[in-house]
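When you line the sequence shown up against numbering that gives the first Met the number 0, it's residues 0 to 422, in that order. Right, one structure below, let's go through it.
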Amino acid sequence: MSDAPNREPDRVMRSERPEEAGDPWTRLPSMAPATPAAAARAKQARTGGPPTDALAPSGADAPARTADASGADAPARPSGAPVASGAGIPARTPGVGRPAVPGGVRAPAGPAAGPFPPGGRTVAPSPLDPGASLDPHRIHRTLREEFPLTYDPLLRAWVLSRYADVATALTDERFTHGHRPGDPPCARAHVDVDVEALRSVTERTAHVLARRIAERSQVDLVADFCHWLPAGAVAAAVGVPYRDMMRLVRGRAAGALAGECGGQIAVREKALASFLGNVLADPDQVAALRDAPAGLVARAWTESLRRDPPVQIAVRRTGAEVPVSGGVVPAGASVALLVGSAGRDPERFREPDRFDPFRDDPGQLTYGAGFCPAVLLAGFEAEYALRALFTAMPRLRLADGFRPAFTGLITRAPRSLIVRPGG
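Right, here's the structure in full:
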C-alpha cells in the first residue's frame with residue numbers, strides 16, 4: 000500500500016463509521032425483560048425486595064414456587080431447569096474455596112444475611128447492572144464465587160462465568176449456534192490464504208499509519224491508528240484502494256478474504272486498542288516490548304486478550320443438557336458466556352488482574368486455535384503496530400495524566416489512547 004497517493008484519514012471519514020450492533024460472535028437476546036412487569040420484578044429482585052419470580056424464565060417456562068426447608072418459598076425445578084450438582088451440600092464459608100450451592104437465588108443465613116430482612120434472599124448480580132460498563136470485574140467475581148450457574152432475566156439466558164465452563168461452552172458440540180474465529184468449522188472454511196501476503200500488507204499498513212501521525216504533538220491512537228489498521232490491512236489484502244477501504248472492507252471485500260470473519264474488523268480494532276493500552280500504561284512493558292522478538296510480542300498479545308478480551312459476552316445455545324459448575328444447563332437454552340470473567344478466574348490464572356506477558360500460565364478465549372485469516376491478521380496487527388509505532392516515534396508515551404479507561408458491556412476497550420509521539 001503506497002503512502003504517496005493516499006490522504007490521511009480525517010474526522011469526516013471517521014464520522015461515517017457504521018454503528019456496531021450486537022455481539023460480534025452471535026446475536027445476544029434482547030437486553031430488556033419481555034414485559035414491563037418482568038422489568039419491575041427484575042428491579043425488585045436486585046434491590047433485595049420480597050421474593051419474586053424475576054430469576055425464572057417468563058411465560059411457559061416460568062416455574063411454580065414451592066416452600067423450601069426454611070419455610071420461605073423457593074422456585075420449584077421446572078422441566079429443563081438446572082439441577083444442583085449435589086443435594087444437601089453445605090454452603091461454603093465466605094472467602095474459602097468455591098461455593099457448594101450455586102444458583103440464581105440463595106437464601107442468606109446468620110451474619111451473612113447482612114441488611115436483608117428475615118426470610119429475604121440475595122440475588123445474583125447481572126452483567127448488565129448499572130456501572131458494569133465501567134467496572135464489570137466486581138460483578139464477575141461475585142458470579143464466579145457464588146453464582147456460577149444463574150438465570151439472568153435481562154439477558155434471558157443462563158450465565159456461565161468460570162473459565163472451565165466458558166471454555167467448555169466455546170468448544171463442546173453440545174453448545175451450538177455460535178461462531179468464533181479459529182474454531183474448527185471456521186478453519187475448514189478458509190482455503191488458499193497467503194499468510195506471507197497478509198503479513199506483508201499488515202506491516203506496510205502499520206508503518207504508513209505510524210508515519211502519518213509521528214509529527215503531531217498529541218495523538219489519539221484509537222481514532223488515528225487502531226481504527227484504521229485492521230481495515231487498512233484487509234483493504235490492502237483484497238486490493239481495495241486506501242481511500243475506499245472504510246466503504247468496502249466491512250462488506251463483500253472483507254467477505255472475500257475471511258468469510259464469516261469479515262465482521263471481526265471491529266473486534267480487532269478493540270483488541271488492538273486494549274493491547275496498546277496495556278503496554279503503554281506500564282513503562283516497564285514499553286521497555287520490554289520495544290524491540291522484543293515476535294515470540295514475546297505474541298505472548299503479550301495473548302495476555303492482553305486474556306485480561307481484556309474485546310468480546311466480553313458471547314451467546315450459545317445448548318443442544319442437550321450439559322453439566323457445569325453447580326448444576327446442569329438445560330437443553331435448548333440460551334447461555335451467556337462471560338468471556339471477560341473467565342479470563343480473570345483465579346482458579347485458572349495466578350494474579351489474574353495483572354497484565355504479565357511473561358506469565359507461565361497463559362491462555363485466552365477470544366480466538367480458537369485453528370487457522371483463520373482474522374486470527375492471523377489480529378496477531379500481525381499487534382506485532383507490527385508496536386514495531387511501527389516505536390520505529391516512527393521512539394519516545395512514544397501516554398500523555399501526562401492520561402490513563403486508559405476501558406468501557407463497554409458486550410465489547411470492551413479503551414475509547415481513547417492519548418499519547419505524545421515526541422515523548
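Ideal placement from N, C-alpha and C gives every residue a C-beta, glycine not left out.
On the DSSP bridge list, what partners appear for residue i?
i	result
R419	R396
D482	This structure leaves residue 482 out entirely; the chain is present only between 0 and 422.
P413	F405
V310	T410
V221	The partner list for V221 (beta bridge, DSSP) is empty, contrary to what the question assumes.
V165	Per DSSP, none; premise fails for V165.
Return the Cβ separation of residue i and residue j in integer angstroms, given the expectation that the two are a contact with Cβ distance under 8 Å.
i	j	result
L275	L220	6 Å
R315	A168	5 Å
R343	P351	4 Å
A270	A384	A270 to A384, Cβ: 11 Å. No contact.
G177	A313	7 Å
L197	F379	6 Å
I212	P420	7 Å
R210	A391	5 Å
S415	A280	That belief does not hold up - the Cβ atoms of S415 and A280 are roughly 13 Å apart, past 8 Å.
L153	L127	5 Å
C225	A286	At roughly 22 Å, the Cβ-Cβ gap does not stay under 8 Å, so C225 and A286 are not in contact.
A296	E382	A small correction: the amino acid at residue 296 is Val; Ala does not occupy that position in the sequence shown. 5 Å between Cβ atoms; contact.
G331	T317	6 Å
For the alpha helix (DSSP H) that residue i lies in, which residues bound it at each end?
i	result
S160	Unbroken run through S160: none, as it is neither H nor E.
P390	First, the amino acid is wrong: residue 390 is Thr here, not Pro. Here the alpha helix (DSSP H) through T390 covers 372-391.
V200	194-212
D283	282-288
L304	293-306
F274	264-279
P184	183-187
H178	Looking at the DSSP string, H178 is not in any alpha helix (DSSP H), and its letter there is neither H nor E.
G369	Looking at the DSSP string, G369 is not in any alpha helix (DSSP H), and its letter there is neither H nor E.
L142	136-145
A233	One detail in the question is off: residue 233 reads as Val in this sequence, not Ala. Unbroken alpha helix (DSSP H) run through V233: 228-236.
Please name the residue, chosen from the options, that lies closest to residue i on a Cα-to-Cα basis.
i	options	result
A235	I212, D193, R215, S273	D193
S333	A319, R343, A341	A319
A335	L133, V122, R137, L142	L142
T410	R173, S132, A377, P282	S132
F418	D191, F389, T149	The question names Phe, but residue 418 in the sequence shown is Val. When only C-alpha atoms are compared, the closest one is F389.
L304	R394, L288, V327, E268	E268
G362	D171, D290, E346	E346
R306	S125, A265, H139, P329	H139
A166	A188, R155, G367	G367
A387	P183, E195, L288	L288
D360	R173, Q284, A299, D283	A299
L364	F146, V158, Y162	Y162
P309	V285, P322, G339, A297	G339
T301	S160, V323, V374, S324	V374
H189	C371, P147, R349, E214	C371
V328	P229, V158, D128, A404	V158
A230	E214, R215, S216, T204	T204
D290	V237, E202, P393	P393
G181	G369, F224, S199	G369
C185	E195, T170, G400	T170
H136	L228, A341, A232, V200	A341
V443	P292, Q284, Q311, V278	Nothing can be reported for residue 443: it is not among the residues displayed for the chain, which extend from 0 to 422.
V278	V200, R396, S324, L408	R396
V321	V122, T175, R155	T175
Going along the chain, which unbroken runs of the beta strand (DSSP E) with 3 or more residues stay wholly within the stretch 316-351? Fully enclosed beta strand (DSSP E) runs of 3 or longer: 321-323, 326-328, 333-337.
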